[in-house]
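A.B. asks: Below are the structure tokens for one structure; questions will follow.
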Amino acid sequence: MTIRDLTRRDFLKTTGAITAAAALGGLPTDLFASGPRMATFPEKRELILMTSRPPQLETPMHIFKELITPNDALFVRWHLANIPTYVDMKEWRLKIGGNVEKELQLSMDDLKGYEKISYTAVIQCAGNSRSFFEPRVAGGQWGHGAMGNVTWTGVRLKDIMQKAGIKAGSVDLAFNGLDSAPLPKVPDFVKSLPVDKALEDDIMVAFEMNGKPLTMLNGFPARLIVPGWYATYWVKSLSDITVTTKVFEEFWMKPAYRIPDNDCGCVPPGATPKKTVPINKMTTRSFVINPSDGTTLSKGKLIELMGIAFSGGHSIRDVIVSVDGGKTWGEAKLGQDKGKYSWIQWFYPWKPEMTGSYTIMCRATNAIGDSQAIEKLWNPAGYLLNSVEKITITIS
Ligand SMILES: Nc1nc2c(c(=O)[nH]1)N[C@H]1C(S)=C(S)[C@@H](COP(=O)(O)O)O[C@H]1N2
Ligand SMILES: [Mo]
15 MTIRDLTRRD
25 FLKTTGAITA
35 AAALGGLPTD
45 LFASGPRMAT
55 FPEKRELILM
65 TSRPPQLETP
75 MHIFKELITP
85 NDALFVRWHL
95 ANIPTYVDMK
105 EWRLKIGGNV
115 EKELQLSMDD
125 LKGYEKISYT
135 AVIQCAGNSR
145 SFFEPRVAGG
155 QWGHGAMGNV
165 TWTGVRLKDI
175 MQKAGIKAGS
185 VDLAFNGLDS
195 APLPKVPDFV
205 KSLPVDKALE
215 DDIMVAFEMN
225 GKPLTMLNGF
235 PARLIVPGWY
245 ATYWVKSLSD
255 ITVTTKVFEE
265 FWMKPAYRIP
275 DNDCGCVPPG
285 ATPKKTVPIN
295 KMTTRSFVIN
305 PSDGTTLSKG
315 KLIELMGIAF
325 SGGHSIRDVI
335 VSVDGGKTWG
345 EAKLGQDKGK
355 YSWIQWFYPW
365 KPEMTGSYTI
375 MCRATNAIGD
385 SQAIEKLWNP
395 AGYLLNSVEK
405 ITITIS
């Protein structure tokens, strides 16, 4: 355990709260004071530990000051405890089968024979930010760190499928990886995409992240990339692609990973959706990254507020920023544009002239006008959260 992700002020604040509780005959003094539990896994720096079997690791927010998330800092999420820890590349093949003209078994060299493509894309877990749902919902209690921005390199799924030849009457492509469940009762993690979606130009079978082979925990040796859509479809350690003639509705497509079938993907808190559809593209989001929540800064000094914004495959048109809790807003300057799937940095110079507490907020709008609401939406699985985020800082 470590306290390195808490500012001194946070630490004192937390300790103060615990001491007060302890004085009331409540908690042991060290229960929360030590901050989030950290762990170091192979090829990873110290990250926030959610669970260790299967590995689930969250990225601390300060990492997002960087436009590209380093490989060793990218979050990790697996569903099943039997994950690959070693892959013999002499044996590994990507198998393509089902309703195709010609079954394929591609080695890594075969895969690298297709035309190479590369782009930067946000990877975000469908459950990112779930711990901020009100009322709370079951499932992994992620903060905001189940996301990252990575440059992916690989080949087009479309080119591989063209070689295999999808036969008439095909409906879905199902994707399976090398992981498996320790108990036969737990369904294998298999995800599917409708044929039309799977054959879009930008769907990638990636073998590199930020110019290096994928880390084992992020899906070595190859994974699917569905840019703009939640990472649940980005099947890691890909081993099998099967073309189906029926809608693929096994556990991880139904009942898991579904959202209410309406415009907001939401229902009133506590309600059960009447009809659901598989989760798909990401909502528009933005965050204040620097300064971090709870920081104290000096009066009369120019600060550059900085953050990030992204949307489900649409560029960010603008980001507006408020330093007075949403009463007034100004437009931020946007940073380097790395394409519609990447996040973009925003910058907002500000010189606080008075001491006190300030609530800083940001709100992004994408190229087709989708934006962020002040009010939080709700659904029972804790997906799609994209309300306006705020942080509080002190000027002294
Ligand atoms: N084979 C396999 N692929 C998978 C998963 C999994 O459990 N097994 N989880 C998915 C989910 S829900 C997420 S959020 C991302 C996480 O990717 P990362 O671990 O590289 O961050 O992988 C996706 N691909
Ligand atoms: Mo996820």
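Throughout the sequence shown, residue numbering follows our numbering, covering 15 to 410 in sequence. For every residue, glycine included, the Cβ atom is placed at its ideal position computed from N, Cα and C.
1) To the nearest angstrom, how far is the alpha carbon of S410 from that of T286?
2) I believe V249 touches L171 by the beta-carbon criterion, under 8 angstroms. Please report the beta-carbon distance rounded to the nearest angstrom.
3) Does the beta carbon of A220 sit closer than 8 angstroms to a beta carbon anywhere in chain B?
4) For ligand 3, is there any heavy atom lying closer than 7 angstroms to the beta carbon of F89?
5) For a test of your reading of the model: does the CB of T246 fall under 7 angstroms from any non-hydrogen atom of ligand 1? Yes or no.
6) How many Å lie between W166 and N393 at the Cα?
7) Assign L26 to buried or exposed, taking buried as 16 or more other Cβ atoms, counted over all protein chains shown, within 10 Å of its Cβ.
8) Buried or exposed for A135, please, with buried defined as at least 16 other CB atoms from any protein chain shown within 10 angstroms of its CB.
9) Scan the region 268 to 313 and note each continuous beta strand (DSSP E) run of 3 residues or more that stays entirely inside, going in chain order.
10) Please tell me whether P227 and W106 are closer than 8 angstroms, where the distance is taken between their beta carbons.
11) Assign M223 to buried or exposed, taking buried as 16 or more other Cβ atoms, counted over all protein chains shown, within 10 Å of its Cβ.
12) Could you check if P74 is buried or exposed, using at least 16 other CB atoms within 10 Å of its CB as the buried criterion?
13) By Cβ distance below 7 angstroms, which residues in the same chain neighbour D1 in space, the five residues on each side in sequence not counted?
14) Compare the Cα-Cα distances from P149 to each of A395, Q359, V333 and A188 and report the closest residue.
15) Please list, in chain order, all residues of the same chain as I77 whose beta carbon is under 7 angstroms from its beta carbon, the five residues on each side excluded.
16) Any heavy atom of ligand 1 inside 7 angstroms of the beta-carbon of D102?
17) In this structure, does DSSP put I97 in helix, strand or coil?
18) For I239, which beta-bridge partners are listed by DSSP?
19) Report buried or exposed for S300, applying the criterion of at least 16 other Cβ atoms within 10 angstroms of its Cβ.
20) If you drop the 5 nearest sequence neighbours on each side, which residues of the same chain put their C-beta closer than 8 angstroms to that of Q155?
21) Can you determine whether any heavy atom of ligand 1 sits closer than 7 angstroms to the C-beta of F262, and answer yes or no?
22) Can you tell me whether V204 is helix, strand or coil according to DSSP?
23) What is the residue span of the beta strand (DSSP E) that L120 lies within?
24) The alpha helix (DSSP H) with K177 in it runs from where to where?
25) Grab the span of the alpha helix (DSSP H) containing D210 for me, first residue to last.
26) I need the boundaries of the beta strand (DSSP E) containing Y244, first residue and last residue.
27) Can G141 be considered in contact with ligand 2, in the sense that its beta carbon sits closer than 7 angstroms to one or more heavy atoms?
28) Identify every residue that forms a DSSP beta bridge with W166.
29) Could you say if the region 354 to 362 and the region 324 to 331 meet the contact criterion of at least three C-beta pairs nearer than 8 angstroms?
C.D. replies: If we stick to the structure as given:
1) 47 angstroms
2) Not really, about 11 angstroms apart at Cβ, beyond 8 angstroms.
3) Here chain B cannot be found, since the structure has a single protein chain.
4) What this structure holds is ligand 1 and ligand 2, not ligand 3.
5) yes
6) 31 angstroms
7) Residue placement at L26 cannot be trusted, given a pLDDT of 35 that sits under 50; what the coordinates show is reported in the next sentence. Burial call: exposed.
8) buried
9) 272 to 274, 290 to 292 and 299 to 304
10) no
11) buried
12) buried
13) Residue coverage of the chain in this structure runs from 15 to 410, which leaves residue 1 outside it and unanswerable.
14) A395
15) T83 and A87
16) no
17) coil
18) M218
19) buried
20) M64, R144 and S145
21) no
22) strand
23) L118 to L120
24) L171 to A178
25) V209 to A212
26) No beta strand (DSSP E) holds Y244; DSSP gives it neither H nor E.
27) yes
28) Y133 and M223
29) yes
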